[in-house]
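Visitor: For the sequence shown, our numbering gives the first residue as 16, with consecutive numbering after it.
By construction, the Cβ of each residue, glycine as well, lies at the ideal position given by its N, Cα and C atoms.
Predicted model only: the values in this text are computed from it and were never measured.
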Amino acid sequence: MPKLFKLSGSEVLAIFAGSFTLLIGFGFRQTFGLFLLPITKDYEWDRTTFSVAAALLQIFWGLTQPFVVFTAERHLGFGRVLFVTNIVYGLGMIIMALVPKTMPGLFIFAMGIIVGLGTSGSGFSLIFATLGRRFPQGSKRHALVIGLVSSCASLGQGTCLPIIRIIIEQLGWKWTLIIQGCICIAIAPLAIFLRTVSQVPAELTQEDPASKDNLSLEELDGGDTEYGDDIESRNTGEETLISNEPQTIHAALKEAFSHTGFWLINICFAISGFHLGFIFTHLPAYVKNQGFDSTHEGK
Numbered sequence: 016m017p018k019l020f021k022l023s024g025s026e027v028l029a030i031f032a033g034s035f036t037l038l039i040g041f042g043f044r045q046t047f048g049l050f051l052l053p054i055t056k057d058y059e060w061d062r063t064t065f066s067v068a069a070a071l072l073q074i075f076w077g078l079t080q081p082f083v084v085f086t087a088e089r090h091l092g093f094g095r096v097l098f099v100t101n102i103v104y105g106l107g108m109i110i111m112a113l114v115p116k117t118m119p120g121l122f123i124f125a126m127g128i129i130v131g132l133g134t135s136g137s138g139f140s141l142i143f144a145t146l147g148r149r150f151p152q153g154s155k156r157h158a159l160v161i162g163l164v165s166s167c168a169s170l171g172q173g174t175c176l177p178i179i180r181i182i183i184e185q186l187g188w189k190w191t192l193i194i195q196g197c198i199c200i201a202i203a204p205l206a207i208f209l210r211t212v213s214q215v216p217a218e219l220t221q222e223d224p225a226s227k228d229n230l231s232l233e234e235l236d237g238g239d240t241e242y243g244d245d246i247e248s249r250n251t252g253e254e255t256l257i258s259n260e261p262q263t264i265h266a267a268l269k270e271a272f273s274h275t276g277f278w279l280i281n282i283c284f285a286i287s288g289f290h291l292g293f294i295f296t297h298l299p300a301y302v303k304n305q306g307f308d309s310t311h312e313g314k
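1. Assign GLN80 to one of three DSSP states: helix, strand, or coil.
2. Taking C-beta to C-beta, are LEU49 and PHE65 nearer than 7 Å?
3. Among the candidates VAL27, PHE93, TRP76 and SER169, whose CA atom is the shortest distance from the CA of LEU37?
4. By alpha-carbon positions, which one of LEU97, PHE122 and ILE161 ends up nearest to PHE143?
5. So the candidates are PRO81, VAL96 and GLN80; which of them puts its Cα closest to the Cα of ALA87?
6. So GLY171 and GLY42 are supposed to be a Cβ contact under 8 Å. How far apart are they, rounded?
7. Within its chain, find whatever has a CB closer than 7 Å to the CB of ARG156; leave out the 5 residues flanking it on each side and keep chain order.
8. Hey, which unbroken runs of the alpha helix (DSSP H) at 4 residues or more fall wholly within the stretch 73 to 141?
9. Tell me which same chain residues have a C-beta within less than 7 Å of the C-beta of GLY94, skipping the five on either side of it?
10. Round the Cβ separation of GLY133 and GLY153 to the nearest angstrom and send it over; I've been treating them as touching at under 8 Å.
11. What is the DSSP secondary structure of ALA217, reduced to helix, strand or coil?
12. In or out: ARG89 buried (at least 16 other Cβ within 10 Å) or exposed?
13. Is the distance from the Cβ of SER135 to the Cβ of THR79 below 7 Å?
14. Kindly list the residues whose CB is nearer than 7 Å to the CB of ALA125, restricted to its own chain and excluding five residues on each side of it in sequence; keep chain order.
15. Please confirm whether ASN101 and CYS199 have their CB atoms less than 7 Å apart.
16. Drop a sphere of 10 angstroms on the beta-carbon of ILE123, count the other beta-carbons inside from all chains shown, and report buried for 16 or more, exposed for fewer.
17. Taking the alpha-carbon positions, what's the ILE179 to HIS265 distance?
18. State the DSSP-derived secondary structure class of ILE54, mapped to helix, strand or coil.
19. By a C-beta neighbour count over all protein chains shown, 10 Å radius and 16 as the cutoff for buried, is LEU192 buried or exposed?
20. Cα separation between GLU59 and LEU71?
21. Which of the three DSSP states is assigned to ILE202 in this structure?
22. Excluding the 5 residues flanking ALA29 on each side, which residues of the same chain have their C-beta closer than 7 Å to its C-beta?
23. For a quick check, are the C-beta atoms of THR55 and ARG44 less than 7 Å apart?
24. Between the C-alpha atoms of PHE272 and GLY40, what's the straight-line distance to the nearest angstrom?
25. Hey, how far is the Cα of LYS116 from the Cα of ASP57?
26. Rounding to the nearest angstrom, what Cα-Cα distance links LEU163 and ALA267 in this structure?
27. Count the other C-beta atoms from every protein chain shown that fall within 10 angstroms of the C-beta of THR46, then say buried if there are 16 or more, exposed otherwise.
28. Between the C-alpha atoms of SER34 and ALA68, what's the straight-line distance to the nearest angstrom?
29. Helix, strand or coil: which one does DSSP assign to THR211?
30. Expressed to the nearest angstrom, what Euclidean distance is found between the alpha-carbon atoms of SER25 and LEU91?
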């Protein structure tokens, strides 16, 4: 155990754990559209049941993310929350597989609420929050790691779809969901490598001496300028350090809501999330139906 605890501080293992968790979490979430036809056919449900469950998953996933990250950062720690949410994610899919055909409401609850809550812990926000603490804010290493780990989510979306499709054809949709659920539960222990650590201090940045050449004599004398009280530090070339002090929720929300970029990125993600969720859910069934129709007409 001491050796495992020591390894849990490894940056390399943290990157691997975060990448693999995103690959599985996002990859499996995008495969649910493959289950629409086999589930509705076997259980003789209309597509409304599955559509409501899929839509509720998207909504619940988005709404719970801020609270999940807050709980991880302020109360339980990132590792514990990641561990629990991965297990919840897996259990939700197993329940989806075991729901009897007479209980569509339980299916909606399992896919929309349980899986939705599980995906909120295996998404970008929680993993980026814990990985970001391991590298200086604004550094090249920080940007490289975030880019590398986020690319694994895209990799999962592209690789899991054909694999899950083959498994459904070979074993059926119920066993496929059970296998996916077991995989999510099996990767839960990777959370030990993503436990909460102290924030690595931001890198020191030296003020550019050449910037002083653009200052007037009045500014160099410390008069009223657009630079305010910071002029003294510019004259002395003093090193400045980005603050690592945690913000209060009120201060963070005030800063976010007053920033145009915050609103724009939220609007973009909302549009992207809903229309991609719709496409991933219904496009596979639509394509398959069109193929059946064409075959039928050809005959």
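Guide: Taking the geometry as given:
1. It is helical.
2. No, the Cβ-Cβ distance between LEU49 and PHE65 is not below 7 Å.
3. The candidate whose alpha carbon is nearest that of LEU37 is SER169.
4. If we check each option's Cα against that of PHE143, ILE161 comes out closest.
5. When only C-alpha atoms are compared, the closest one is VAL96.
6. The beta carbons of GLY171 and GLY42 sit about 3 Å from each other, so the pair counts as a contact at 8 Å.
7. Only residues of its own chain outside the window of five on either side were considered, and among them PHE150 have a CB closer than 7 Å to the CB of ARG156, listed in chain order.
8. Within the stretch 73 to 141, the complete alpha helix (DSSP H) runs of at least 4 residues are 93 to 113, 119 to 123 and 130 to 136.
9. Close CB contacts of GLY94 within its chain, under the 7 Å cut and outside five residues either way in sequence, are with ALA206, ILE207, LEU209, ARG210 and THR211 (chain order).
10. GLY153 and GLY133 do not touch by the CB rule: their CB atoms are close to 32 Å apart, not below 8 Å.
11. Three-state DSSP puts ALA217 in coil, outside helix and strand.
12. The residue in question, ARG89, is exposed, as its Cβ has fewer than 16 Cβ neighbours within 10 Å.
13. Yes, the pair counts as a contact, with Cβ atoms nearer than the cut-off.
14. By the criterion of a C-beta distance shorter than 7 Å, ALA125 is surrounded in its chain by GLY107, ILE110, MET111 and VAL114, once the five residues flanking it on both sides are discounted.
15. Their beta carbons are under 7 Å apart, which means ASN101 touches CYS199 by this criterion.
16. Under the 10 Å beta carbon count, ILE123 is surrounded by 16 or more other beta carbons and is classified as buried.
17. C-alpha separation (whole angstroms): 44 Å.
18. Three-state result, ILE54: helix.
19. Under this definition LEU192 is a buried residue.
20. Computed Cα separation, rounded: 21 Å.
21. Note: ILE202 maps to coil in three-state DSSP.
22. So the list reads LEU146, ARG149, PHE208 and LEU209, once near-sequence residues are dropped.
23. Contact: no.
24. Cα to Cα, PHE272 sits roughly 29 Å from GLY40.
25. Within the model, the alpha-carbon separation for LYS116 versus ASP57 is close to 8 Å.
26. One alpha carbon belongs to LEU163, the other to ALA267, and they sit about 27 Å apart.
27. Buried, because 16 or more other Cβ atoms sit within 10 Å of the Cβ of THR46.
28. Going by the C-alpha atoms only, they are around 27 Å apart.
29. DSSP places THR211 in coil when its eight states are reduced to three.
30. In a straight line, the C-alpha of SER25 is about 21 Å away from that of LEU91.
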